[in-house]
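Residues in the sequence shown are numbered consecutively from 3, following the working numbering.
C-beta: ideal position from N, C-alpha, C; glycine also.
Treat the numbers as computed from the prediction; the structure is a model and nothing was measured.
One structure below.
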Amino acid sequence: MIVFGIESSCDETAAAVVADGCRVLSSVIYSQVPLHQPYGGVVPEIASRSHIEKIRPILEQALAEAFPGEPDEAAWAHIDAIAATCGPGLAASLLVGWTAAKGLALALDKPLLPVNHMHAHLWSVRLNHPELENAALYPQLGLAVSGGHTCFVESPEPHHFRLIGQTIDDAAGEAFDKAAKLLGLGYPGGPVIDRLARTWVPAPGERPIPFPRGRVSPEHPLQEGLLPELCVSFSGLKTALLTYARKHPPQTEADAAKLAFSYQEAIVEALALRVEQALKRRAYRSFALGGGVSLNRRLRDRLAAVCAQGGVRFLTAEPGFCGDNAAMIAGLASAGGALRDPDPLARDVDPSLPV
Ligand code: KG4
Ligand code: ZN
């Protein structure tokens, strides 16, 4: 099955063509980061306006790159269905992609497939990996870490997602972004902190600053199905950073690098501890790491080590498919993982669509 996918849930306008779940024929991403940079975060009104301006050329480019040299009509004839993100995300951003998908499905008389953005992040590990087979990977533990989400998801079988842990306040990416803002390092914070952290060279015996690991008290009220030991809190970490930076303002590059390393380490260890806990619960066959924060080298290495120790196969997306992209949307839909909906044309976007 060949699916044309659209993603517009936040600040990337993206379109892609994917066959059979994993064969990426094209993947085009327009990032709005420079538009939001002056504000230190995504401005929803700017995001939706930019999606409207970019969606058409991005769709055209994704089609042309998938079927080079073919006229539009012939190219569309290869497409079996149109998929798009219908949530979660920013309402006015989601609307642009989802409405474009409805228009294409109607005009081309093709099925319309709604996709949950978080499910797609977990599927992203399969893109360009036809050798990965379901039978060898499930039950699977998934971790989707992005600017908006930190979700531990259990999949007993493909396309079944049970949320078992999440952040009770800030998402991991948000924690990186807020720290960078606080330290005046710019936006988005993850890549800057990642880069700065790598430059830290500890003196013999020197330890990172011991920031908190985001423990959630067993008494904390949680929605049904969530396990406190797999939940995490990042708001205390941000306060700890602020308090530390006020007391010991970084004077040199080395001070800043140590601070960045220590803060990153706290996020990485908080997530690694939860993954360790989760792997003890059940005999998972694989662990899938997706989302923009999975670009973090330290996080990848640490979680790969946790999985190696637990005897669980570690999967993560190629760099181009870690952040928001449409290949993960088209890929999941072409593998049969879109949301079941008897009347997708009547469906509206859902900014807080649950996992
Ligand atoms: O998945 P994504 O592109 O968009 C959302 O759905 O949110 O994730 C964006 C997030 C931002 O918070 C950004 O700071 C973070 O991913 N990020 C990173 C790195 N690269 C991007 N965080 C840590 N280390 C990185 N190298
Ligand atoms: Zn995302």
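Residue burial classification, residue 172 (beta-carbon count within 10 angstroms, cutoff 16)
For the purposes of this step, residue 172 is taken as the residue at position 170 of the sequence shown. Counting Cβ neighbours within 10 Å, residue 172 comes out buried, since at least 16 surround it.
The alpha helix (DSSP H) enclosing residue 97, as first and last residue numbers
As a position in the sequence shown, residue 97 is number 95, starting the count at 1. Counting along the chain, the alpha helix (DSSP H) containing residue 97 begins and ends at 93-110.
How would you label residue 266, buried or exposed, when you count the other beta carbons within 10 angstroms and need 16 or more for buried?
For this step, residue 266 is matched to residue 264 along the sequence shown. Here residue 266 is buried: its Cβ has 16 or more other Cβ atoms, across all protein chains shown, within 10 Å.
Would a check of beta-carbon distances place residue 343 closer than 9 Å to chain D?
No chain D is present in this structure, which holds just one protein chain.
When the Cα atoms are used, what is the spatial distance from residue 143 to residue 73?
On the sequence shown, residue 143 is found 141 positions in, with the first residue counted as 1. On the sequence shown, residue 73 is found 71 positions in, with the first residue counted as 1. Cα to Cα, residue 143 sits roughly 43 Å from residue 73.
Between residue 267 and ligand 1, is there a pair consisting of the residue's CB and a ligand heavy atom that are separated by less than 8 Å?
Along the sequence shown, read from residue 1 onward, the residue named residue 267 stands at position 265. Shortest gap from the CB of residue 267 to any heavy atom of ligand 1: 8 Å or more.
For residue 251, which residues in the same chain have their Cβ closer than 6 Å to its Cβ, ignoring the five residues on either side in sequence?
Here the question's residue 251 lines up with position 249 in the sequence shown. Taken in chain order, the list of residues that qualify is empty.
Would you be able to state if there are at least three C-beta pairs under 8 Å between the segment 102-118 and the segment 336-350?
The segment 336-350, when compared against the segment 102-118, does touch it at the 8 Å Cβ threshold.
Could you tell me if residue 241 is buried or exposed, where buried requires 16 or more neighbouring beta carbons within 10 angstroms of its beta carbon?
Numbered from its first residue, the sequence shown carries residue 241 at position 239. With a 10 Å radius around the Cβ and a threshold of 16 neighbouring Cβ atoms, residue 241 comes out exposed.
Using a Cβ-based criterion (distance less than 8 Å to any ligand heavy atom), does residue 175 qualify as near ligand 1?
If you number the sequence shown from 1, residue 175 lands on position 173. True, at least one ligand heavy atom lies under 8 Å from that Cβ.
Please report the residue range of the beta strand (DSSP E) in which residue 191 lies.
Against the sequence shown, residue 191 aligns to sequence position 189. No beta strand (DSSP E) contains residue 191, which is instead part of the alpha helix (DSSP H) from 191-200.
Own chain partners of residue 12 with C-beta closer than 8 Å, once the 5 adjacent residues on each side are dropped:
Translated into positions along the sequence shown, residue 12 becomes position 10. These residues qualify, in order along the chain: 44, 49, 91, 92, 95, 149, 150 and 326.
Given residue 224, which residues of its chain have a CB within under 7 Å of its CB, disregarding the five upstream and five downstream residues?
Translated into the one-based positions of the sequence shown, residue 224 becomes position 222. 230 and 233.
Run through DSSP, which three-state label would residue 88 get?
As a first step, residue 88 must be located in the sequence shown, where it is residue number 86. Three-state result, residue 88: strand.
Is residue 192 near residue 297, with beta carbons less than 9 Å apart?
Here the question's residue 192 lines up with position 190 in the sequence shown. Here the question's residue 297 lines up with position 295 in the sequence shown. Going by C-beta atoms, residue 192 is nearer than 9 Å to residue 297.
Counting pairs of Cβ atoms below 8 Å between the segment 202-217 and the segment 262-276, do you hit three or more?
yes
Can you determine whether any heavy atom of ligand 1 sits closer than 8 Å to the C-beta of residue 326, and answer yes or no?
Here residue 326 refers to the residue found at position 324 when the sequence shown is read from its first residue. Yes, the beta carbon of residue 326 sits closer than 8 Å to at least one heavy atom of ligand 1.
Between the beta-carbon of residue 134 and the beta-carbon of residue 24, is there less than 9 Å?
Position 132 of the sequence shown, counted from the first residue, corresponds to residue 134. Position 22 of the sequence shown, counted from the first residue, corresponds to residue 24. Cβ atoms of residue 134 and residue 24: closer than 9 Å.
Considering only DSSP beta bridges, list what residue 156 is partnered with.
Walking along the sequence shown from the start, residue 156 turns up at place 154. Beta-bridge pairing links residue 156 to 143 and 164.
Quick one: Cα of residue 99 to Cα of residue 322, how far?
Against the sequence shown, residue 99 aligns to sequence position 97. Against the sequence shown, residue 322 aligns to sequence position 320. Taking the straight line joining both Cα atoms gives about 20 Å.
With three or more beta-carbon pairs closer than 8 Å as the criterion, would you say the segment 29-37 touches the segment 57-68?
Flag = yes, the segment 29-37 and the segment 57-68 touch.
Straight-line gap, residue 257 to residue 186 (C-alpha atoms, nearest Å):
In the sequence shown, counting from the first residue as 1, residue 257 sits at position 255. In the sequence shown, counting from the first residue as 1, residue 186 sits at position 184. Going from the Cα of residue 257 to the Cα of residue 186 covers about 14 Å.
For residue 149, verify whether its CB is less than 8 Å away from any heavy atom of ligand 2.
Within the sequence shown, residue 149 is the residue found at index 147, counting from 1. Yes.
Could you tell me the boundaries of the beta strand (DSSP E) in which residue 28 lies?
If you number the sequence shown from 1, residue 28 lands on position 26. Note, residue 28: beta strand (DSSP E), 25-33.
Hey, would you say the C-beta of residue 293 is under 8 Å away from at least one heavy atom of ligand 2?
Taking the first residue of the sequence shown as position 1, residue 293 is located at position 291. It does: the Cβ of residue 293 is within 8 Å (strictly closer) of some heavy atom of ligand 2.
Ignore the nearest five residues each way along the sequence and tell me which others in residue 84's own chain have a CB closer than 6 Å to its CB.
Within the sequence shown, numbered from 1, the residue matching residue 84 stands at position 82. Hits under 6 Å: 6, 103, 106, 107, 112 and 114.
Pick helix, strand or coil for residue 115, following the three-state DSSP scheme.
The residue labelled residue 115 in the question sits at position 113 within the sequence shown. Of the three classes helix, strand and coil, the one that applies to residue 115 here is strand, per DSSP.
Indicate, with yes or no, if ligand 4 has a heavy atom lying under 8 Å from the CB of residue 121.
The model depicted lacks ligand 4 and carries ligand 1 and ligand 2 instead.
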